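Numbering (my numbering), first residue to last: 13 to 445.
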């Protein structure tokens, strides 16, 4: 018998937490039991405290000696990332945008717009994807740029074609948009209603009221905050699911809880069913300034007003890996360039392939297979107890470091790793409560 390599000890409130990163389970124990675990072998504990031993064994904190834990993590990761029952196709109809947010990493191209020839290539790709027998779910996402700039001229054609094929071939179609929400109107609603369909939208706020308008404005005298609030109301009142993403900084975090006040005229049952808020810190503002207490206050303020909220979710990079880690995912840019990751600039220099005239994905330098084999090649990760939840970050992290032939850790040391563990334990405690 042996202790799991993925067991971790960490002080938690007035006790000690024994957390297993593979099982994602925690046991809170007194100091006496902690000392027992630190000083006695599994066989000795079985004799000294059989009830405690049985609990640890039943919950995989203690394992059979021959069990290969690293291989278990590898198999689980490959099973999830290699799943062929779902395909995610992300389409950028344009790289143009009606706003110019200071933190946006994308190069906005005014003249960019998907041509008919590229639309036809995507339709051929959709035909190939939906023809696969293993496929159950087809996820069609629209990104950009601002995808609604060309809703009627590009997006509608792709949705109609995809809907027809999915219905014909008995595939589940899920449609989503990442949009600033300013261009939502009744025509958008009516399009989906007329086809007995709906979709999910992620819409961004940059703070409350005037703070938002400093970042997203129509012109020097006209902001966008209240128009976006009204558009979200229009959506949720028509049974469209909306995730409102709050991009916060140390300057705009205060008063973000007041955004909830602007939805108090909406039926609480509709709010509960169709609207949630996610808070994400703008990465360029991650300057070490501690604002967690302010964030917690604003989140609690929203919850008390009946709004579902979340902050950046805890790390879960194996069970809930990034879409770009999946074999069955691709991003097609307006010009036919293909990518795996949307968190990089969509310049042709960064493309990992292109869409051929007959709708085939042509991967540059065998990129897809290189990416799928990029994990578990970083030596420090293989020796780290956080591997089952961290996995060295996403495949984009892995492949970029592999190209540089350098070892890496996405956390700076024990202090940062302990924060990850405490967040996971907090999550378990909150879910129990």
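We put the CB at the ideal spot given by N, CA and C, even for glycine. Predicted model only: the values in this text are computed from it and were never measured.
Exposure of residue 238, with buried meaning 16 or more beta-carbon neighbours within 10 Å: exposed
Residue 390, DSSP secondary structure in three states: coil
Cβ neighbours of residue 173 in the same chain (closer than 7 angstroms, five flanking residues each side left out): 135, 138
C-alpha gap between residue 379 and residue 413, whole angstroms: 15 angstroms
Per-residue burial, residue 401 [other beta carbons within 10 Å of its own, 16 or more giving buried]: buried
Whole-angstrom distance between residue 147 and residue 141, CA atom to CA atom: 8 angstroms
C-alpha distance - residue 332 paired with residue 88, whole-angstrom precision: 11 angstroms
Whether residue 187 touches residue 160 by CB criterion (8 angstroms): no
Inside the region 253 to 333 only - alpha helix (DSSP H) runs reaching at least 4 residues: 280 to 286, 304 to 316
Whether residue 258 touches residue 289 by CB criterion (8 angstroms): yes
Residues that DSSP places opposite residue 217 in a beta bridge: 258
Buried or exposed (CB count within 10 angstroms, at least 16 for buried), residue 182: exposed
Residue 163: first and last residue of the uninterrupted beta strand (DSSP E) it sits in: It is not in any beta strand (DSSP E) - residue 163 carries neither H nor E in the DSSP assignment.
Through-space distance from residue 165 to residue 236, alpha-carbon basis: 24 angstroms
Minimum length 3: unbroken beta strand (DSSP E) runs contained in the region 31 to 84: 37 to 41
Three-pair Cβ contact test at 8 angstroms for the region 420 to 432 versus the region 310 to 323: no
Residue 383 beta carbon less than 8 angstroms from that of residue 352: yes
Nearest candidate by alpha-carbon position, reference residue 265, set 197, 217, 46: 217
Sequence-distant residues of its chain with Cβ nearer than 6 angstroms to residue 114 (five each side left out): In this predicted model, residue 114 has a pLDDT of only 47, less than 50, meaning its place in the structure is not dependable; the value taken from the coordinates is given anyway. Once the five neighbours on either side are set aside, residue 114 has no close Cβ partner at all.
Span of the alpha helix (DSSP H), counted from its first residue to its last, around residue 440: 426 to 444
Limits of the unbroken alpha helix (DSSP H) element including residue 384: 379 to 384
Residue from 421, 371, 335, 51 whose Cα sits closest to the Cα of residue 132: 371
Per-residue DSSP class, three states only, for residue 240: helix
Residue burial classification, residue 338 (beta-carbon count within 10 angstroms, cutoff 16): buried
Which of helix, strand or coil DSSP assigns to residue 350: strand
Continuous beta strand (DSSP E) stretch holding residue 187: start and end: 184 to 191
Residues near residue 82 in its chain [Cβ-Cβ closer than 7 angstroms; skip 5 each side]: 394
Residue 29 to residue 37 span [Cα, whole Å]: 10 angstroms
Nonlocal neighbours in the same chain, by C-beta distance under 7 angstroms from residue 25, ignoring five residues either side: none
Member of 374, 286, 303, 398 whose CA lies at the smallest distance from the CA of residue 263: 303
Residue 358 and residue 104 closer than 8 angstroms at C-beta: yes
Beta-carbon proximity of residue 163 to residue 340, cut-off 8 angstroms: no
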